[in-house]
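In my numbering, the protein residues as written are 25 to 450.
A short write-up of the structure that comes next.
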Ligand code: URA
C-alpha cells in the first residue's frame, strides 16, 4: 500500500494519533528509502513534541522489529535472559553480570553497542582485551552461547535495520530525547534479539539520558509494557547515575575492575548492582536456587568469564592496554566528598580519549579515570581524589576543565540517590 508521507507528518504535527497502517507503511518505506531522511526527521520531531500513545508505540516497535530478522534461541536447553542499561558513567556491569548469570544456569545472548558521547559502550570495553572479537555470525553466537553460557557481541546489520537508520538520523536532528522513540528503539532490538526475559537498568541522574526519577520511571514503564506485550518477561530497575558507578571509568580500566568483581572483590556498589541484577534476571528466567553472590565468591562466574572471552578470540590473561601518561587530581581541602558528578567525570574521561565524538572515531583503550574517593568519603587536603589516564599530556587541560565544579569537598554529608531507586513490573 502506498500512502502520502506528508499526510502522516501533518497528522502527528497536529497532535493526532497515527493508525497502525500509517506506522507500518512509514517505517517500511523509510527503511526502503522511499521516505526521505528530511521527511522522517520532521516526523521524529513531531513525535518528540506531541508524543505517541501506548498503541502507537507498540505498533512502531513491532514495525521496526519486522524491518529485519528476529533471532530464535529455542534450540537451547535452558532459558535465556538479558539485561539492558540505558547507559552511564563507569557502567561496566554487563562484564561481570553476563558470565555470572551464565554460571547460575541461564543463557545470556547479549547484543551490545559502542559508546557515543560521555557514556561508554560495552563493546569498546571488551575490545580492549587483546584478540577479542565483537562481530560474530548467528552460528558463532549460538556456538559461544553453548560453550560459555553467555555471549556479548555487536548486533548484525539484519537486526532492526529501521532503528539503525532512524537512530543515526535522530542523533543529528535533536530527536533522541523522546521517550516513545527511545523505548521503541531499545525494545525493538531487545525483542528481535530473541531473549525470553529481560531486565532493564534505567539510569537516573546527571550522567544518564533521564535526569529525573519521573522521566526514568516513564521510560521504564513504557519499555516494560512493550516487552510484556511482546511476550518477553520484562522488569526494570531505576538506578543511580548521579555519581559514577565503581571507581574505574574508561575501557581497559573498567575491564580490570570487572575482573576484580569476578574474583570476589571490587567496589561495593558494582558488586551490589551486579548481584541484584543477576537475581532479577534469574527470577525473570524462572531459575531459582543458585545464589549469584556465591557464584562470585566460589570462582564459577570467573570460569564462565574466561570461557566467554576465550570463545570470542580474547586472551583473559593478556596484559591490558595502559595509557602512557597520568595526572593526579588532589582534594582542594579536608572534609567530606559531598558531590562527584557523573556527567563531569564522564565528559572528562571522554576528553581523555576513552570515548568518541563520531561513530567512526577510534577510542583509546587505556584512557580514563580512576577514582580514589567516592561521595561520602572523608578526604584530607592534598590527598589524591582521582588519577587521569591519557595517551598524550595535551588532553589533561580539557579534562580538568570538564571536572571544574564537578566535585565538592565540604563539611556536610553527601547527598546521593540510593543505588536502586525503584523496581517497575508490568
Ligand atoms: N539507545 C538506543 O538504542 N536507542 C535510543 O534511542 C537511545 C539509546
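Glycine included, every Cβ here is placed at the ideal spot set by N, Cα and C.
Just so we're clear, the structure is a prediction, and the values are computed from it rather than from any experiment.
Between the C-alpha atoms of residue 253 and residue 245 there is a straight-line separation of about 12 Å. Note that the C-beta distance between residue 332 and residue 158 is not below 8 Å. In terms of side-chain proximity, the C-beta atom of residue 333 is found no nearer than 7 Å to any non-hydrogen atom of ligand 1.
In the DSSP assignment, the residues bridged to residue 446 are 262. In terms of Cα proximity to residue 97, the closest of 327, 162 and 330 is 162. The Cβ-Cβ distance between residue 155 and residue 327 does not fall below 8 Å.
Judged by DSSP secondary structure, residue 282 falls outside any beta strand (DSSP E) and instead within the alpha helix (DSSP H) spanning 275 to 286. Per DSSP, the continuous alpha helix (DSSP H) segment holding residue 237 begins and ends at 237 to 253. Relative to ligand 1, residue 209 has its C-beta within less than 7 Å of a heavy atom. Under the 8 Å Cβ criterion, the region 412 to 432 counts as touching the region 341 to 360, having at least three qualifying pairs. Excluding the 5 residues flanking it on each side, residue 119 has same chain C-beta neighbours closer than 6 Å at 282, in chain order.
When beta bridges are read from the DSSP output, residue 227 appears opposite 263. Within 7 Å of the C-beta of residue 34 there is not a single heavy atom belonging to ligand 1.
DSSP, read as helix, strand or coil, puts residue 234 in strand. Residue 314 and residue 145 have their C-alpha atoms some 29 Å from each other. DSSP places residue 29 inside the alpha helix (DSSP H), whose first and last residues are 29 to 37. Looking from the CA of residue 222, the closest CA among 404, 79 and 261 belongs to 261. Close CB contacts of residue 431 within its chain, under the 8 Å cut and outside five residues either way in sequence, are with 361, 363, 364, 365, 368 and 409 (chain order). Distances from the CA of residue 194 to each of 428, 341, 63 and 391 were compared; the closest alpha carbon is that of 63.
Taking the Cβ of residue 367 as the reference point, every heavy atom of ligand 1 lies at 7 Å or farther away. In the structure shown, residue 138 adopts coil according to DSSP, grouped into three states.
Distance from the Cα of residue 392 is smallest, within the candidate group 276, 418, 306 and 341, for 276. When only Cα atoms are considered, residue 441 and residue 265 end up about 8 Å apart. Among the bridge pairs identified by DSSP, residue 107 is matched with 223. Per the DSSP secondary-structure output, residue 410 pairs in a beta bridge with 353 and 395. Residue 177 and residue 149 have their C-alpha atoms some 12 Å from each other. Around residue 82, the same chain offers 250 and 253 as residues with beta carbons nearer than 7 Å, after the five sequence neighbours per side are excluded.
In this chain, the beta strand (DSSP E) harbouring residue 360 covers 359 to 364.
In the DSSP assignment, residue 434 is bridged to 360. In the assembly as shown, residue 402 is an exposed residue. Its beta-carbon has fewer than 16 other beta-carbons within 10 Å.
A straight line joining the alpha-carbon of residue 192 with that of residue 186 spans about 10 Å. By the Cβ criterion, the region 67 to 77 is not in contact with the region 221 to 239, since fewer than three pairs of Cβ atoms, one from each stretch, lie closer than 8 Å. DSSP lists no bridge partner for residue 440. The straight-line gap separating the alpha-carbon atoms of residue 220 and residue 377 is approximately 37 Å.
Shown here for residue 345: same chain residues with a beta carbon closer than 7 Å to its own, the five before and five after excluded, namely 152, 276, 389 and 390 in chain order. Counting along the chain, residue 178 sits inside the beta strand (DSSP E) bounded by residues 174 to 178.
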